[in-house]
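Asker:
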Amino acid sequence: MTRAADFIPDVQRLLAERGEPAYRLDQAYKALTNSLVRDWEEVTSLPKGLRAALAAEVPASTLTLERHYRASDGTRKYLFHTHDGHAIETVMIPEKKRRTVCISTQIGCPMACTFCATGLLGIKRNLKAREIAEQVFVAARDIAPERVSNVVVMGMGEPFLNYTETLRALKVLNDPEGFGLAARSIAASTSGLVDRIRRFADEPEQFHLAISLHTPFEEQRREIMPVAARHSIPELMSAARYYVDKTRRKLFFEYTLLAGVNDQPEHAAALSKLLDHPLYHLNLLRFNWTDTGYAATSKKRAREFLAEARERGLPATLRPSRGQDIDAACGQLAAKDLRGRPVVQLT
Ligand code: SF4
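As structure tokens, then:
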């Protein structure tokens with residue numbers, strides 16, 4: 002299968018049924034991924050009859066934009082509904098010259114991290130590659146003539162539980178014939194599925210990776226992140242070492258500071274011992290409030306924690322909280338939208 006056939010198999014089927022020439026598939030693929038059309042009527046290079054057939058059978062947009070929010074700091078948030086009526090969310094974060102789009106890969110998330118609003122919901126289903134990539138296309142149209150500079154897969158869901166469709170989407174975003182974003186401008190984030198970390202390291206594209214760590218202590222990690230019960234911290238660090246040895250790329254460890262939980266000096270000390278490779282980088286985030294029972298570490302304590310890590314030689318950054326007036330933290334907006342609907346756990 003070609004990349005286009007993988008990405009839009011339903012379009013390929015319809016073209017084959019109609020006996021259309023092979024190049025029509027490439028035209029349709031480029032229209033969606035490069036020209037970012039949301040309606041087949043915009044694709045005037047396709048014959049009128051074909052445009053009508055496509056519109057009737059396989060609409061150019063798989064997501065409906067339900068709501069669109071802009072925060073006072075320029076952050077934009079998009080709440081989409083899928084064709085089967087589920088809510089997903091996407092955030093665009095402007096930062097100096099960067100325009101980063103944070104996308105979702107699942108409807109809900111089964112990983113159940115205890116500080117995460119999405120994690121409390123369980124999961125409805127995986128998103129298809131088109132639904133994943135389309136979030137970027139909509140944001141890109143919205144901010145034009147500015148351009149999307151980065152994509153991070155850190156929205157709703159554990160992307161490595163939806164590995165095939167997520168990678169398919171990232172490859173289209175990277176494809177020079179498609180969206181054309183450099184692989185090094187694309188990063189996926191995992192809660193720590195070790196076999197998939199190794200598989201990601203083996204991918205030919207130079208995508209970046211972030212691992213959610215959130216505490217250097219085994220027992221506490223099992224409490225905060227139930228996924229840790231599957232993979233111990235030594236197993237996780239072994240996969241991390243495989244990634245940097247194989248790729249020679251920087252590896253980011255995400256760490257959400259939770260007041261009185263994982264923001265103590267002993268955490269900073271243990272982190273600096275654990276993250277013992279020059280390519281490891283600690284990304285500190287302040288918790289955006291969700292009704293999960295946790296509180297945010299104060300700005301003062303977060304800066305102290307950063308200093309404690311750096312003094313011990315650990316490269317670290319404190320990321321600014323963005324879009325708080327529109328609930329831009331992972332899972333918050335759709336979590337509100339999803340509440341009150343029955344939640345299905347995937348087995
Ligand atoms: S933090 Fe990420 S992996 Fe954990 S429950 Fe939330 S969405 Fe899922």
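In my numbering, the protein residues as written are 2 to 348. Note that the Cβ used here is the ideal one computed from N, Cα and C, for glycine as well.
1. Just to confirm before moving on: does the CB-CB distance between residue 131 and residue 108 stay below 8 Å?
2. Can you list, in chain order, every residue whose CB sits closer than 5 Å to a heavy atom of the ligand SF4?
3. Any beta carbon of chain D sitting closer than 8 Å to that of residue 78?
4. Determine the contact status of residue 12 and residue 47, defining contact as a CB-CB distance below 8 Å.
5. Assign residue 111 to one of two classes, buried (16 or more other C-beta atoms within 10 Å of its C-beta) or exposed (fewer than that).
6. Would you mind working out which of 153, 29 and 285 sits nearest residue 5, comparing C-alpha positions?
7. Could you name the residues of the same chain whose beta carbon sits closer than 7 Å to that of residue 218, not counting the 5 residues immediately before and after it, in chain order?
8. Find the nearest neighbour of residue 81 within the set 276, 140, 41 and 40, judged by alpha-carbon distance.
9. At the level of alpha carbons, what is the spacing between residue 58 and residue 89?
10. Give me the Cα-Cα distance between residue 76 and residue 24, rounded to the nearest whole angstrom.
11. Let me know the alpha helix (DSSP H) ranges lying completely inside the region 3–71, each 4 residues or longer, listed in chain order.
12. Is the CB-CB distance between residue 289 and residue 211 below 8 Å?
13. Within the same chain, show all residues whose beta-carbon is closer than 7 Å to that of residue 147, passing over the 5 residues directly before and after it, in chain order.
14. Can you say whether residue 268 is buried or exposed, counting buried as having 16 or more other CB atoms within 10 angstroms of its CB?
15. Can you say whether residue 222 is buried or exposed, counting buried as having 16 or more other CB atoms within 10 angstroms of its CB?
16. Excluding the five sequence neighbours on either side, which residues of its own chain have a C-beta within less than 6 Å of the C-beta of residue 71, listed in chain order?
17. Taking residue 313 and residue 278 to be in contact with their CB atoms under 8 Å, please state how far apart those CB atoms are, rounded to whole angstroms.
18. Comparing alpha-carbon positions, which option in 115, 168 and 53 lies nearest residue 353?
19. Taking only runs of the beta strand (DSSP E) that begin and end inside the region 261–305, which ones reach a length of at least 3 residues, in chain order?
20. Would residue 348 be called buried (16 or more neighbouring beta carbons within 10 Å of its own) or exposed?
21. Out of 172, 281, 185 and 91, point me to the one whose CA is closest to residue 214's CA.
22. For the alpha helix (DSSP H) that residue 242 lies in, which residues bound it at each end?
23. Residue range of the beta strand (DSSP E) that residue 207 falls in?
24. Comparing alpha-carbon positions, which option in 248, 160 and 39 lies nearest residue 205?
25. Could you compute how far the alpha carbon of residue 263 sits from the alpha carbon of residue 97?
26. List in chain order: all unbroken beta strand (DSSP E) runs of 3+ residues lying wholly within the region 157–206.
27. Are residue 34 and residue 208 touching if we call contact CB-CB under 8 Å?
28. Within the same chain, show all residues whose beta-carbon is closer than 7 Å to that of residue 310, passing over the 5 residues directly before and after it, in chain order.
29. Could you check what DSSP says for residue 88 in three-state terms: helix, strand or coil?
30. Name the residue from 151, 174 and 162 whose alpha carbon lies nearest to the alpha carbon of residue 186.
31. Is residue 123 helix, strand or coil by DSSP?
32. What does DSSP give as the partner residue(s) for residue 77 in the beta ladder?
33. Name the DSSP bridge partner or partners of residue 110?
Answerer: This is what the structure holds:
1. no
2. 110, 112, 114, 117, 119, 120, 159 and 192
3. Checking the listed chains, one finds no chain D in this structure; it contains a single protein chain.
4. no
5. buried
6. 29
7. 271
8. 140
9. 23 Å
10. 39 Å
11. 4–8, 10–19, 24–34 and 49–58
12. no
13. 100
14. buried
15. buried
16. 77
17. Contact doesn't hold; Cβ gap of about 14 Å is too wide.
18. Past the edges of the chain, shown from 2 to 348, lies residue 353, and the structure says nothing about it.
19. 281–287
20. Any reading at residue 348 must be qualified, since the residue scores a pLDDT of 25, below 50, and its modelled position is unreliable; no value is offered.
21. 281
22. 234–248
23. Note, residue 207: premise wrong, no beta strand (DSSP E); not H, not E.
24. 248
25. 30 Å
26. 187–191
27. no
28. 269, 272, 273, 283 and 317
29. strand
30. 151
31. strand
32. 71 and 93
33. 123
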